[in-house]
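For any residue, its number in my numbering is found by taking its place in the sequence shown, counting from 1, and adding 19.
Backbone N, C-alpha and C define an ideal beta-carbon position, used for all residues, glycine too.
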Amino acid sequence: MLLGGLAGKIKVVHGGVFLKRIVCILLILCLSTALISCNKKTDAKVINFWSGWSLIGDEELENSQDEWLLKRLLKEYDDMNEDIQIKFTYVEDEDAMFQMLKTSMLDAKDAPDIVVLQNESYVKEIAGILLPLNTYIDKQFIDNNTFWETVTTGKGDIIGYPVAGCEVSLILYNKDIIKQAGLDFENAPPKTSDEFMDVLEAIKAKGIQPIIASESEFNNLYTTLFSTWWLQDAEEGQLKKLMDGTAKFSEDKLFIDSLKYSQECFEKGYINVDYITNTTSQMDFIQGKAAFYPTSNCEFGIFYEAMGDQLGMLPIPRAKSHSKDLNFGGVNQCISVIKSTKYPKECNDIISWMLNKENSIKMYKTFKTLPVRKDVSIEDLGWKDDELYEEIFRLKDSVQIYPYAVMGTELREMFFRLGAQTQVNKMKAEELAKALDDKIKQSEK
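Below is the structure:
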């Protein structure tokens with residue numbers, strides 16, 4: 020789920036391809052829809068709940084649906100409420116589901132009551148068919164949860180509940196390789212982008228590959244690592260100005276510089292030459308073929324289990340010593356209510372129960388994410404006294420949502436696709452910036 024999986028699903032769908040995918044998704048719906056409870060309830064209010072893979076843990080996908088945490092929670096609620104019958108639909112292709120909702124191709128009788136969506140721009144693009152939840156969510160719940168900005172429109176309407184926890188970018192490293200390179204991260208880890216560049220050079224000088232990464236259809240390396248140095252020193256609200264056209268990417272020196280830094284790393288051989296085509300970077304890192312693997316906490320557990328004490332973790336270094344403490348991450352999914360539902364209160368009751376403290380902790384543990392709730396402690400997650408998990412937990416207060424999350428679908432697709440070409444020096448940084456400006460200008464017409 021989350022960043023890598025999310026971006027791998029982002030595609031622009033046109034014409035006949037879209038119609039074919041609609042047929043495909045309708046078949047999926049027929050096959051994957053089922054009542055949560057085995058017993059059909061008399062005169063119960065039927066709530067249609069749709070979810071794709073973004074609220075299913077990576078490891079859960081290997082199990083039957085009945086073992087998924089989401090489905091177990093829905094069954095528990097269904098069993099507790101005799102007047103509610105939850106009808107669960109798993110939609111494997113979230114992009115097709117999103118397009119269906121966006122273009123209103125569903126008849127009202129076929130529409131879900133509750134749907135799991137990817138935020139932030141995804142949910143805001145279909146805000147018109149989502150129910151504003153302001154009058155249904157109590158103030159205490161709002162105050163005790165974070166990342167409401169990802170599901171709040173410019174008019175102040177809350178159109179979803181942030182769910183499943185927060186991710187944050189970080190850099191994993193192989194401790195043995197770091198020692199081979201004569202580096203001491205326990206006492207002298209790199210704290211700035213310049214120091215990180217020096218470390219990459221020291222590792223390369225030993226004949227070791229510094230960074231292994233896969234582009235994964237979302238320019239993973241820039242999105243996870245290098246883009247941090249774009250906005251750490253940016254003025255407040257710079258990203259919003261870029262999106263509304265009052266500022267330009269081509270005039271954003273920090274953006275251009277961060278791209279050129281990433282290009283320099285590729286040119287010097289610090290990044291694997293097959294970055295765009297590589298599909299084995301996880302295993303390559305586990306097998307000791309590189310020193311660093313930039314990722315997020317959501318993948319951390321995979322490597323920790325495979326590498327044990329050999330695994331180390333670095334927060335993303337700051338751009339400069341005086342740069343603010345900022346790490347990209349955020350909540351990549353939310354639960355929303357469709358405006359056409361006959362049961363708005365009942366839908367919100369279901370979601371509120373799903374996101375109580377006990378159930379939220381279960382989600383954070385399943386998805387290996389940081390808490391969105393303020394009342395969840397490191398002890399609640401079972402991370403206390405684990406040095407690496409404690410370090411990850413400390414990052415939660417410095418998280419800022421990924422830049423791509425506020426971009427519209429077409430701009431985001433360009434940001435990823437042309438950004439990858441820029442990363443491997445097939446496109447100049449200035450050319451990418453101009454292309455983004457042109458796309459924003461075009462969308463204003």
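Nearest candidate by alpha-carbon position, reference W72, set N82, E95, V65, K64:
Of the candidates N82, E95, V65, K64, the one whose C-alpha sits nearest the C-alpha of W72 is N82.
Pair every Cβ in the segment 177-197 with every Cβ in the segment 149-167, then say whether three or more of these pairs are closer than 8 angstroms.
With a cut-off of 8 angstroms on Cβ pairs, the segment 177-197 is in contact with the segment 149-167, counting three or more such pairs.
Between the segment 441-456 and the segment 256-272, do three or more beta carbon pairs fall short of 8 angstroms?
Taking 8 angstroms as the limit for Cβ pairs, the verdict is that the segment 256-272 does touch the segment 441-456.
Contact under 9 angstroms by Cβ, E450 with L430:
In this structure, L430 does not lie closer than 9 angstroms to E450 by Cβ.
Secondary structure, alpha helix (DSSP H): runs of 4+ residues fully inside the segment 185-261
Taken in chain order, the unbroken stretches of alpha helix (DSSP H) that lie wholly in the segment 185-261 and span 4 residues or more are 194-199, 212-224, 247-250.
In the structure shown, what three-state DSSP assignment does R40 receive?
Caution is warranted here: a pLDDT of 37 is assigned to R40, below 50, making its placement in the model unreliable, and no coordinate value can be reported.
What is the C-beta distance between F117 and F68, in whole angstroms, given that I count them as a contact (C-beta under 8 angstroms)?
Contact between F117 and F68 does not hold, since the beta-carbon distance rounds to 16 angstroms and is not under 8 angstroms.
Using three-state DSSP, classify M433 as helix, strand or coil.
Under the three-state reduction of DSSP, M433 is assigned to helix.
Residues bridged to P151 (per DSSP):
Answer is none; P151 lacks a bridge partner.
Kindly indicate which three-state DSSP category T171 falls into: helix, strand or coil?
Strand.
Rounded to a whole number of angstroms, what is the C-alpha to C-alpha distance between C43 and L333?
Bear in mind that the predicted position of C43 carries a pLDDT of just 42, short of 50, making it too unreliable to give a figure here.
What's the gap between the Cα of M373 and the Cα of K90?
Whole-angstrom Cα-Cα distance: 11 angstroms.
I'd like the span of the alpha helix (DSSP H) that includes Y421, first residue to last.
Element bounds for Y421: n/a, residue is neither H nor E.
Do N138 and N351 have their C-beta atoms closer together than 9 angstroms?
Taking a C-beta distance under 9 angstroms as the contact criterion, N138 and N351 qualify as a contact pair.
Looking only at its own chain, which residues have a Cβ that is under 6 angstroms from the Cβ of W248, when we skip the five neighbours before and after it?
Within the same chain, and ignoring the five residues on either side of W248 in sequence, the residues whose Cβ sits closer than 6 angstroms to its Cβ are S212, S277, A338.
Whole angstroms is fine: what's the gap from P313's alpha carbon to I230's?
If you draw a straight line from the Cα of P313 to the Cα of I230, it comes to about 8 angstroms.
Reducing DSSP to helix, strand and coil, say where T428 ends up.
The answer is helix: DSSP assigns T428 an H, G or I state.
D293: which of N444, E113, V134 sits nearest, CA to CA?
Looking at N444, E113, V134, the one whose alpha-carbon comes closest to that of D293 is N444.
On the criterion of 16 or more Cβ atoms from any shown chain inside 10 Å, does Q228 qualify as buried, or is it exposed?
Classified as buried, Q228 has 16 or more neighbouring CB atoms from the shown chains inside 10 Å of its CB.
Do I148 and I357 have their C-beta atoms within less than 9 angstroms of each other?
Yes.
Hey, how far is the Cα of K403 from the Cα of K393?
Counting only the Cα atoms, K393 lies some 17 angstroms from K403.
G438 CB to nearest chain B CB: under 9 angstroms?
In the displayed structure, chain B is absent; only one protein chain is listed.
Alpha carbon to alpha carbon, what distance is there between G184 and N378?
If you take the alpha carbons of N378 and G184, they lie about 11 angstroms apart.
In the DSSP assignment, what residue or residues form a beta bridge with Y180?
Its beta-bridge partners are I354.
7 angstroms Cβ shell around I354 - same chain, five flanking residues per side excluded
Cβ neighbours of I354 beyond the five flanking positions: I133, V135, G179, Y180, V182, I370.
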